[in-house]
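> Here full-length UniProt numbering is used: the first residue of the sequence shown is 1, the next is one more, and so on. A virtual CB, placed ideally from N, CA and C, is assigned to each residue, including glycine. Fair warning: this is a prediction, and the values are worked out from it, not measured in the lab. I have a structure I would like to understand better, so I am pasting it below and will then ask my questions one at a time.
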Amino acid sequence: MRPLYVDPCRPDLPVVYLMSTGGGVVQADRLRLDVDCGADTAVHLTTQAATKVHHMDADFATHTVGLRVGPRAYLEYLPDALIPYPGARFYQSTMVTLDPTATVLVGEVLMAGRLARREHHQYDVLATDLEVADTDGAAVAIDRIRFSPHQCSVTGPGILGKHTLMATLFVVSPLRPAAAIADALHAEVADQFVAGVSVLPDDRGAWVRILGTDPPTVQVALRRAWDAARRLLIGVPAPPLRKT
Numbered sequence: 001m002r003p004l005y006v007d008p009c010r011p012d013l014p015v016v017y018l019m020s021t022g023g024g025v026v027q028a029d030r031l032r033l034d035v036d037c038g039a040d041t042a043v044h045l046t047t048q049a050a051t052k053v054h055h056m057d058a059d060f061a062t063h064t065v066g067l068r069v070g071p072r073a074y075l076e077y078l079p080d081a082l083i084p085y086p087g088a089r090f091y092q093s094t095m096v097t098l099d100p101t102a103t104v105l106v107g108e109v110l111m112a113g114r115l116a117r118r119e120h121h122q123y124d125v126l127a128t129d130l131e132v133a134d135t136d137g138a139a140v141a142i143d144r145i146r147f148s149p150h151q152c153s154v155t156g157p158g159i160l161g162k163h164t165l166m167a168t169l170f171v172v173s174p175l176r177p178a179a180a181i182a183d184a185l186h187a188e189v190a191d192q193f194v195a196g197v198s199v200l201p202d203d204r205g206a207w208v209r210i211l212g213t214d215p216p217t218v219q220v221a222l223r224r225a226w227d228a229a230r231r232l233l234i235g236v237p238a239p240p241l242r243k244t
């Protein structure tokens, strides 16, 4: 899909909707997305809707995302929620490789299932790796999720508890100190949402994790974090985006 220039505050920053391959992810799918952002480029990548992972009788499905971000480039990658159906077996890898002068906002939203049908953790396996690294291979951030509810409960203390949604946003940037980024995120989510914020090592940025049981509430929290990071780093608010 062609880029859309819909941000009045940053008319140079296109929004690109990543289109679904069909009605959802099915068994034996091996999906791959590679994006190269050159020097001094800027883009917002998102999806048209949630990613639905269907029941699987055999095999499993994977989605591999590779994002490469050049000098002084600015990338936002904020896909909609991942919804695993009963019996789904799914692995997702998101690998961000960035120049030390680049800025990246990368997010992820995981749901326990089709919540309106009261399907909570009926999938077989849900595994995700989200990694950010410098061009020399040095790790900046690593977040690994392994949920296999039929083998080990994911609803206990220190995991998800009673919550059915988990949203994560990493903000990696040299434009402001890590503490300032963390403070901006914390100010938006600390009082009204179940969330935690922490700085990344070596003053590289900060990240926030949000838990909840209501999709619109979690989406509001994630948007507020995204908006806060944008205002701090590039001086403009998050634009409204139309979704199906």
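Counting Cβ pairs closer than 8 Å, one from the stretch 86-98 and one from the stretch 180-188, do we hit at least three?
Segments in contact, no.
> Ordered along the chain, which non-local residues of its own chain (more than five positions away) have a Cβ less than 6 Å from that of GLN122?
Closer than 6 Å at Cβ, skipping near neighbours: PRO86 and GLY113.
> Under three-state DSSP, which class holds GLN219?
Looking at GLN219 - three-state DSSP - the assignment turns out to be helix.
> Taking the alpha-carbon of PRO201 as reference, which of PHE170, TRP226 and VAL220 has the nearest alpha-carbon?
For the residues PHE170, TRP226 and VAL220, the minimum Cα distance to PRO201 belongs to PHE170.
> When you compare the CB positions of TYR91 and GLN48, do they come within less than 7 Å of one another, or not?
Not in contact: TYR91 and GLN48 (Cβ atoms no closer than 7 Å).
> Does PRO79 pass the burial test, meaning 16 or more other C-beta atoms within 10 Å, or should it be called exposed?
Its Cβ being crowded by 16 or more others within 10 Å, PRO79 is buried.
> Which two residues bound the contiguous alpha helix (DSSP H) that contains ALA178?
Its alpha helix (DSSP H) spans residues 178-189.
> Keeping to the same chain, check which residues put their C-beta closer than 6 Å to that of ARG209; ignore five residues upstream and five downstream.
Taken in chain order, the residues that qualify are THR168 and GLY196.
> Measure the beta-carbon distance from ALA206 to VAL199 and round it to whole angstroms, keeping in mind my assumption that it falls under 8 Å.
Contact holds; Cβ gap of about 5 Å.
> In the DSSP output, which residue or residues are listed as bridge partners for GLY70?
According to DSSP, which records beta bridges pairwise, GLY70 is partnered with nothing at all.
> If you draw a straight line from the C-alpha of ASP214 to the C-alpha of LYS243, how long is it?
Cα-Cα distance, rounded: 18 Å.
> Just reading off the beta strand (DSSP E) that ASP34 is part of, what are its end residues?
Element bounds for ASP34: 30-37.
> So what's PRO84 in DSSP terms, helix, strand or just coil?
Reduced to three states, the DSSP call for PRO84 is strand.
> Taking the alpha carbon of ASP124 as the reference point, which residue from GLY137, VAL236 and GLN27 has its own alpha carbon closest?
Among GLY137, VAL236 and GLN27, the Cα nearest to that of ASP124 belongs to GLN27.
> Run the CB neighbour count on ARG30, radius 10 Å, all protein chains shown included, and call it buried at 16 or more, exposed below.
It counts as exposed.
> Indicate the three-state DSSP secondary structure (helix, strand or coil) for ALA225 in the structure shown.
ALA225: helix per DSSP, three-state reduction.
> What does the alpha-carbon distance come out to for the pair PRO8 and ASP99?
If you take the alpha carbons of PRO8 and ASP99, they lie about 27 Å apart.
> Report the partner residues of ALA206 according to the DSSP bridge assignment.
Answer by DSSP bridge pairing, in chain order: VAL171 and VAL199.
> Quick check: what's the CA-CA separation for LEU233 versus MET95?
One C-alpha to the other measures close to 22 Å.
> Do you know offhand how far ALA182's Cα is from ASP227's?
Approximately 13 Å, taken between the alpha carbons.
> Can you list, in chain order, the residues of its chain with a C-beta nearer than 8 Å to that of PRO177? Leave out the 5 residues immediately preceding and following it.
Hits under 8 Å: ASP203.
> My assumption, with CB atoms under 8 Å, is that GLY61 sits in contact with VAL25. Please give the rounded CB distance.
Note that residue 61 corresponds to Ala in the displayed sequence, not to Gly. With a Cβ gap of about 5 Å, ALA61 and VAL25 count as contacting.
> In terms of residues, what are the limits of the beta strand (DSSP E) holding LEU45?
Residues 42-47.
> Give me, in chain order, the residues of the same chain whose beta-carbon lies closer than 6 Å to that of VAL35; leave out the 5 immediate sequence neighbours on both sides.
The answer, listed in chain order, is LEU67.
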